[in-house]
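For the sequence shown, UniProt numbering assigns the number 1 to the initial residue and increments by one for each residue that follows.
Built from N, CA and C at the ideal position, the CB exists for glycine as well.
Quick notes on the structure that follows.
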Amino acid sequence: MNYLGHLYFSKDNLALQLANIYGDFVKGRDYSYLPKVVQNGVTLHRKIDDYVDHHPDVVELRRSLYEDLPKIAGIAIDLYFDHLLAIHWQQYHSEPFNDFVNRFTKYAIQTQSHSFKNHSFTYPNDFIHLMNLIHEQKWIQGYKSLEGMNKAATGLSKRISFKNNLFESARVYTKYEEEITNTFHNYMKDAKVTF
Numbered sequence: 001m002n003y004l005g006h007l008y009f010s011k012d013n014l015a016l017q018l019a020n021i022y023g024d025f026v027k028g029r030d031y032s033y034l035p036k037v038v039q040n041g042v043t044l045h046r047k048i049d050d051y052v053d054h055h056p057d058v059v060e061l062r063r064s065l066y067e068d069l070p071k072i073a074g075i076a077i078d079l080y081f082d083h084l085l086a087i088h089w090q091q092y093h094s095e096p097f098n099d100f101v102n103r104f105t106k107y108a109i110q111t112q113s114h115s116f117k118n119h120s121f122t123y124p125n126d127f128i129h130l131m132n133l134i135h136e137q138k139w140i141q142g143y144k145s146l147e148g149m150n151k152a153a154t155g156l157s158k159r160i161s162f163k164n165n166l167f168e169s170a171r172v173y174t175k176y177e178e179e180i181t182n183t184f185h186n187y188m189k190d191a192k193v194t195f
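So, in structure tokens, the structure goes:
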């Protein structure tokens, strides 16, 4: 899952949500140097990624999409699932979608550092810049529309180091919408129990 899914599975804990998103910025297996809440967020991020990557229905969906989106079907599925979570938000969360997202983005842009017991931590500038972009350009709110999802896919496509067609993910979504939607709901049913 992409940003929205990671936020959702962080159980409304703002510090954990921010640390979970930060998980993409942490490389390697040893991140014990980070404060405990940040470690917990990175660990949760990796568990969510691993769970979605190995969920049997998602594995099958990735196979279905491979011909249209070679090498990047998994990335597209992350975007599709955030799109579907945004669309079906009221089915999965009691807080209104925009309130949830605005609460997080406000916290994220105001929280550049944390002070913990005997440990001070400042998020790196590239992460802070990303949080500002997410807030200013309303990236997460954009997942609600196919156009917004496609904009996110086009931006991601440019950052991938190899030639890809992720920018076509909206077309592929339309082609496989029923299968993607069914897989999403099956995944969410299982993931809600796990996380």
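Contact between Leu166 and Ile75 is confirmed by a C-beta separation of about 6 angstroms, below the 8 angstroms threshold. When the beta-carbon positions are compared, Ile128 and Gln112 come within less than 8 angstroms of each other.
Annotation for Tyr66: Ala73 place their beta carbon closer than 7 angstroms to its own, counting only its chain and skipping 5 residues before and after. Fully enclosed alpha helix (DSSP H) runs of no fewer than 4 residues occupy 125-136, 139-142 of the stretch 106-149, in order along the chain. Out of Gln17, Ile109, Gln39, the CA that lies nearest to the CA of Lys27 is found in Gln39. Listed in chain order, the non-local C-beta contacts of Asp68 below 6 angstroms within the same chain comprise Val172, local neighbours out to five positions each way being set aside.
Straight through space, the alpha carbons of Asp49 and Leu18 are spaced by roughly 16 angstroms.
Taken through DSSP and simplified to helix, strand or coil, Leu44 comes out as helix. In this structure, DSSP gives Pro56 a helical state, which the three-state scheme calls helix. In the DSSP assignment, Met188 falls within the unbroken alpha helix (DSSP H) covering 177-194. Taking 8 angstroms as the cut-off, the beta carbon of His135 is found no closer than this to the beta carbon of Ala152. The C-beta separation of Leu4 from Ala86 comes to about 6 angstroms, placing the pair in contact by the 8 angstroms criterion.
In the assembly as shown, His45 is a buried residue. Its beta-carbon has 16 or more other beta-carbons within 10 Å. Separation of the CB atoms of Glu168 and Ser64 is rounded to 15 angstroms, and the pair is thereby denied contact status at 8 angstroms.
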